[in-house]
Amino acid sequence: MTPPADDFPCNELVELVTDYLDGAMGADDARRLEEHLTACPGCASVLEQFRIVVRVNGRLGEADVRRLPDGERDALLQAFRNSSTAR
Numbered sequence: 116m117t118p119p120a121d122d123f124p125c126n127e128l129v130e131l132v133t134d135y136l137d138g139a140m141g142a143d144d145a146r147r148l149e150e151h152l153t154a155c156p157g158c159a160s161v162l163e164q165f166r167i168v169v170r171v172n173g174r175l176g177e178a179d180v181r182r183l184p185d186g187e188r189d190a191l192l193q194a195f196r197n198s199s200t201a202r
């Protein structure tokens, strides 16, 4: 599915998702982001992934991360690397 043609680019969502989840985003920007999410399943998925990370953060310790299967640990590390280089 093609992302919506709107004034809220997908790469902007990735940069601002933590502000949105923390409630630190202005009301107008939050409304624009929410409108974008209704039309862009990719960004809706990114938001859900961030929500999962926030939910489990604090419950996982370093020992837990080391026990993840190599493929899962590597996939998580690559996702974080990709998100930081996308800026």
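Residue numbers for the sequence shown follow the working numbering, so the first one is 116 and each next one is one higher. Glycine is no exception: its CB is placed at the ideal position from the N, C-alpha and C atoms. This structure is a prediction, so every number in the text was calculated from the model and none was measured.
Opening and closing residue of the alpha helix (DSSP H) in which residue i lies
| i | result |
| --- | --- |
| Cys158 | 156-171 |
| Leu131 | 125-137 |
C-beta contact flag for residue i and residue j at 9 Å
| i | j | result |
| --- | --- | --- |
| Phe165 | Leu183 | no |
Secondary structure of residue i, DSSP reduced to three states
| i | result |
| --- | --- |
| Leu192 | helix |
| Leu152 | helix |
| Asp185 | helix |
Cβ-Cβ separation, residue j to residue i (assumed contact under 8 Å), whole Å
| i | j | result |
| --- | --- | --- |
| Leu131 | His151 | So it is not a contact: roughly 11 Å between Cβ atoms. |
Any chain D beta carbon closer than 9 Å to residue i
| i | result |
| --- | --- |
| Arg170 | Of the protein chains in this structure there is only one, and it is not chain D. |
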